[in-house]
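**Student:** Starting off with a structure, shown below.
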Amino acid sequence: MAIFEFLSFDDPGTQIVTIGTVILGAVASIIGCFTFLQKRALIGDAISHSVLPGICLAFILSGTKNPYYMLIGAFISGWLSVILSDWITRTSKIKADTSIAIVLSFFFAIGMMMLSIIQHSGNVNQAGLHHFLFGKAAAIIKEDVVMFLYVAAIALVIIIVYFRAFKLYIFDIEFAKSIGLPVKWLDFLLTTLAVLAIALGIRAVGVVMMSALLIGPAAAASFWTGNLKKMLLISAIVGSLAGFFGAMISYMRPQMPTGPWIIIVLSVIAFTSIVMGTEKGVLHKWRKRQAFKNKVLRENILKIFYHLGENQEDFLQPRTLQELIERRAYNKNEILKGLNQLKSKHWVDQTESNHWALTKQGNIESAKLIRLHRLWEVYLSEHLNIAADHVHDDAEAIEHILTPKLQARLESVLKGRTTDPHDKAIPNLNKMDK
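Structure follows, in structure tokens:
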């Protein structure tokens with residue numbers, strides 16, 4: 000089978016292409032994290048389209064497709080596009096995204112014109128130059144892989160040396176300035192790395208899709224972690240996997256180019272990350288919302304028990320579903336759902352007559368909630384000067400999201416208070432524990 004032939008790596012050409020795409024994917028992905036976190040994803044698109052004139056000019060001047068000449072030409076052209084885009088934004092009322100679109104179109108059009116001139120020049124060495132548009136990983140040779148390794152080593156050394164400075168610059172540029180970091184130099188380095196990564200990958204992935212390899216892995220990684228070091232690692236793994244599987248699929252289906260397959264694999268990983276990511280994926284957010292809704296439901300039911308017990312001076316008395324429903328606008332299914340969750344925590348028990356009652360621990364938990372609610376009402380009334388008849392809803396809204404640290408602060412500020420603004424007693428937990 001083709002897949003086993005590929006995994007055997009008996010073919011030297013397959014080895015070179017696979018190693019090259021894996022290295023390229025890892026390097027571009029790591030550098031792309033910084034571009035992504037700077038919220039400059041569009042600049043990658045501008046650079047990738049703007050390197051074409053530099054590649055063509057390098058070929059015109061040298062007459063060969065020497066990978067080092069191509070890299071230098073692409074690098075210079077890409078840097079010029081960044082400078083021009085920044086200059087347009089800085090000296091006019093045109094916004095960054097518009098200036099990027101203008102520069103991208105201008106450089107790409109010049110590149111296409113130069114490519115057309117080269118194709119009609121009669122130079123026999125120009126064969127295959129058009130692959131820089133859409134990429135052709137099969138054209139990667141041993142010299143390209145060596146160049147990838149050199150650039151990867153340089154990029155990694157720069158990132159390791161400047162990691163702390165890059166981190167401060169990206170997440171808090173004002174603080175970075177205040178402590179004397181050379182922010183202009185850091186910006187220059189990050190932009191240079193982005194240009195270098197894109198120039199490096201043009202032959203394999205192509206002008207049109209290279210920006211996706213720069214930004215895609217970083218975007219995917221951001222859905223799995225909020226830690227920069229972990230993000231760099233995950234991004235590198237994603238980029239490497241995209242390169243590996245893109246090369247494998249292209250080997251199994253020779254009529255399909257490698258570059259587009261790399262981006263397709265990357266897109267699948269990115270979409271999967273958007274849905275499944277444990278940091279801010281769709282399912283993760285949905286689970287968090289559901290968990291919070293369940294928490295609010297449980298806490299509100301505990302408060303219902305407390306209010307009923309407070310009125311009748313018996314907190315542990317069994318209650319019917321109807322009593323609970325009448326106290327708060329929940330339907331039967333919602334109440335049962337919350338009661339079953341409380342039962343699993345051993346905070347309520349169900350009697351043989353289908354009544355529900357607080358356990359001793361449940362009674363303490365309900366008192367904690369009421370205490371927090373009423374203390375917050377006192378704080379709103381006395382410290383924020385909100386009328387007593389307006390504090391209940393605000394306290395109701397915030398009591399479910401107060402952190403233990405804020406709760407401790409609230410207890411400290413209002414130490415000794417025994418009644419809320421409505422003259423209702425604030426539960427004393429010390430007496431309950433006894």
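Numbering (numbering that gives the first Met the number 0), first residue to last: 0 to 433. Ideal placement from N, C-alpha and C gives every residue a C-beta, glycine not left out.
#1: Just the C-alpha distance for Gly62 and Ile117, rounded to the nearest angstrom, thanks.
#2: Note down, in chain order, each residue of its chain lying with its Cβ closer than 8 Å to the Cβ of Leu180, except the 5 sequence neighbours on either side.
#3: Going residue by residue through the segment 372-406, where are the continuous alpha helix (DSSP H) segments of at least 4 residues, counting only ones entirely within it?
#4: Thr224 and Ile233 - do their beta-carbons sit closer together than 8 Å?
#5: Using only the alpha-carbon positions, how far apart do Lys433 and Asn427 sit?
#6: Classify Tyr378: buried if its beta carbon has 16 or more other beta carbons within 10 angstroms, exposed otherwise.
#7: Can you tell which of Leu195, Thr358, Ala394 and Leu401 has the C-alpha that lies nearest to the C-alpha of Ile30?
#8: Using a Cβ-Cβ cutoff of less than 7 Å, which residues in the same chain neighbour Met275 once the five nearest sequence positions on both sides are dropped?
#9: Take Ile262 as the anchor and find which of Gln254, Thr277, Ala246 and Met251 has the nearest alpha-carbon.
#10: Quick check: what's the CA-CA separation for Ala386 versus Arg327?
#11: Going by beta-carbon coordinates alone, are Glu333 and Leu307 separated by less than 8 Å?
#12: Within the continuous alpha helix (DSSP H) that includes Ala424, where are the two ends?
#13: Exposed or buried, what is Met146 when buried is set at 16 or more other beta-carbons lying within 10 Å of its beta-carbon?
#14: Is Trp355 helix, strand or coil by DSSP?
#15: Smallest Cα separation from Glu325: which of Phe304, Leu240 and Thr88?
#16: Restricting to Cα atoms, I'd like to know which of Ile363, Arg318 and Lys344 is closest to Asn353.
#17: With 16 other CB atoms within 10 Å as the buried threshold, where does Lys183 fall?
#18: Kindly indicate which residue of Asp392, Gly12, Ala396 and Thr17 has the alpha-carbon position closest to the one of Val204.
#19: Take every Cβ of the segment 40-49, pair it with every Cβ of the segment 98-118, and state whether three or more of those distances are shorter than 8 Å.
#20: Where does Asn362 land, buried or exposed, given buried means 16+ other C-beta within 10 angstroms?
#21: Could I get the ranges of all uninterrupted alpha helix (DSSP H) runs contained in the segment 206-294, with 4 residues as the minimum, in chain order?
#22: Got a sec, what are the start and stop residues for the beta strand (DSSP E) Asp348 sits in?
#23: Return the chain-ordered list of same chain residues with a C-beta closer than 7 Å to the C-beta of Asp10, the five sequence neighbours on each side being excluded.
#24: Would you tell me roughly how many angstroms separate the C-alpha atoms of Ile436 and Gln14, rounded to the nearest one?
#25: For Gly77, tell me which candidate among Gly110, Thr97 and Ile59 has the shortest Cα-Cα distance.
#26: Can you tell which of Leu114, Ala193 and Ile153 has the C-alpha that lies nearest to the C-alpha of Phe35?
#27: For the candidate residues Asp348, Leu371 and Arg370, whose alpha-carbon lies nearest to that of Gln360?
#28: Tell me whether Glu298 is buried or exposed, calling it buried when 16 or more other Cβ atoms sit within 10 Å of its Cβ.
#29: Output needed for Ile2: all residues of its chain with C-beta closer than 8 Å, excluding positions within five of it in sequence on either side, in chain order.
#30: Quick one: using the 10 Å Cβ neighbour count with 16 as the cut-off for buried, is Ala25 buried or exposed?
#31: The alpha helix (DSSP H) spanning Tyr168 covers which residue range?
#32: Is DSSP giving Lys433 helix, strand or coil here?
#33: Do you know offhand how far Phe187's Cα is from Ala175's?
#34: Determine, using beta carbons only, whether Leu436 and Leu301 come nearer to each other than 8 Å.
#35: In terms of residue numbering, what span does the alpha helix (DSSP H) encompassing Thr418 cover?
#36: Return the first residue and the last residue of the alpha helix (DSSP H) that Lys336 is part of.
**Tutor:** On the basis of the supplied data:
#1: One-based indexing of the sequence shown puts residue 62 at position 63. One-based indexing of the sequence shown puts residue 117 at position 118. Each residue's alpha carbon lies about 10 Å from the other.
#2: Numbered from 1 along the sequence shown, position 181 holds the residue referred to as residue 180. Ala164, Leu167 and Tyr168, listed in sequence order.
#3: 390-397
#4: Here residue 233 is taken as the residue at index 234 of the sequence shown, counted from 1. Here residue 224 is taken as the residue at index 225 of the sequence shown, counted from 1. Against a cut-off of 8 Å, the Cβ pair of Thr224 and Ile233 comes out as a contact.
#5: Within the sequence shown, numbered from 1, the residue matching residue 433 stands at position 434. Within the sequence shown, numbered from 1, the residue matching residue 427 stands at position 428. Residue placement at Lys433 cannot be trusted, given a pLDDT of 48 that sits under 50; what the coordinates show is reported in the next sentence. Computed Cα separation, rounded: 11 Å.
#6: Counting from one through the sequence shown, the residue named residue 378 turns up at place 379. By the 10 Å Cβ count, Tyr378 comes out buried.
#7: The residue labelled residue 30 in the question sits at position 31 within the sequence shown. Cα-wise, what sits closest to Ile30 is Leu195.
#8: As a position in the sequence shown, residue 275 is number 276, starting the count at 1. Excluding positions up to five away in sequence, the list reads Leu282.
#9: Translated into the one-based positions of the sequence shown, residue 262 becomes position 263. Here the closest residue by C-alpha is Ala246.
#10: What you label residue 386 is simply residue 387 of the sequence shown in a count that begins at 1. What you label residue 327 is simply residue 328 of the sequence shown in a count that begins at 1. Approximately 24 Å, taken between the alpha carbons.
#11: Locating residue 333 in the sequence shown gives position 334, where the first residue counts as 1. Locating residue 307 in the sequence shown gives position 308, where the first residue counts as 1. Contact flag unset, no.
#12: Here residue 424 is taken as the residue at index 425 of the sequence shown, counted from 1. Taken as a continuous stretch (DSSP letters only), Ala424 belongs to no alpha helix (DSSP H), as it is neither H nor E.
#13: On the sequence shown, position 147 is the one that residue 146 refers to. So Met146 counts as buried.
#14: As a working mapping, residue 355 is identified with position 356 in the sequence shown. Reduced to three states, the DSSP call for Trp355 is strand.
#15: The residue given as residue 325 occupies position 326 in the sequence shown. Of the candidates Phe304, Leu240 and Thr88, the one whose C-alpha sits nearest the C-alpha of Glu325 is Phe304.
#16: As a working note, residue 353 is residue 354 in the sequence shown. Among Ile363, Arg318 and Lys344, the Cα nearest to that of Asn353 belongs to Arg318.
#17: On the sequence shown, position 184 is the one that residue 183 refers to. Classification for Lys183: exposed.
#18: Residue numbering aside, residue 204 sits at position 205 when the sequence shown is read from its first letter. Considering only alpha carbons, the answer is Thr17.
#19: yes
#20: Numbered from 1 along the sequence shown, position 363 holds the residue referred to as residue 362. With 16 or more Cβ atoms within 10 Å of its Cβ, Asn362 is classed as buried.
#21: Within the segment 206-294, the runs of alpha helix (DSSP H) at least 4 residues long that lie entirely inside it are, in chain order, 209-221, 227-251 and 257-275.
#22: Within the sequence shown, residue 348 is the residue found at index 349, counting from 1. Asp348 -> beta strand (DSSP E) spans Val347 to Gln349.
#23: To locate residue 10, count along the sequence shown from 1; it is residue 11. If we look at Asp10 and ignore the five residues flanking it on each side, it has no Cβ neighbours.
#24: Not covered by the structure: residue 436. The range shown for the chain is 0 to 433.
#25: In the sequence shown, residue 77 corresponds to position 78, counting from 1. The shortest C-alpha separation from Gly77 is found at Gly110.
#26: As a working mapping, residue 35 is identified with position 36 in the sequence shown. Measuring from the Cα of Phe35, the nearest candidate turns out to be Ala193.
#27: For the purposes of this step, residue 360 is taken as residue 361 along the sequence shown, with counting starting at 1. Here the closest residue by C-alpha is Asp348.
#28: Numbered from its first residue, the sequence shown carries residue 298 at position 299. Glu298 is buried by the Cβ-count criterion.
#29: One-based indexing of the sequence shown puts residue 2 at position 3. Excluding positions up to five away in sequence, the list reads Met247 and Met251.
#30: Your numbering for residue 25 matches position 26 in the sequence shown. Ala25 should be labelled buried.
#31: As a first step, residue 168 is located in the sequence shown; it is residue number 169 there, counting from the start. Taken as a continuous stretch (DSSP letters only), the alpha helix (DSSP H) holding Tyr168 covers Phe162 to Phe170.
#32: To locate residue 433, count along the sequence shown from 1; it is residue 434. Reliability of the predicted coordinates at Lys433 is poor, the pLDDT of 48 falling under 50, and no value is obtained from them.
#33: Residue 187 sits at position 188 when you count from the first residue of the sequence shown. Residue 175 sits at position 176 when you count from the first residue of the sequence shown. For Phe187 and Ala175, the distance between alpha carbons rounds to 15 Å.
#34: Shown here, the chain extends from 0 to 433; a query on residue 436 therefore has no answer.
#35: The residue you call residue 418 lines up with position 419 of the sequence shown. Note, Thr418: premise wrong, no alpha helix (DSSP H); not H, not E.
#36: If you number the sequence shown from 1, residue 336 lands on position 337. Start and end: Lys331 to Ser343.
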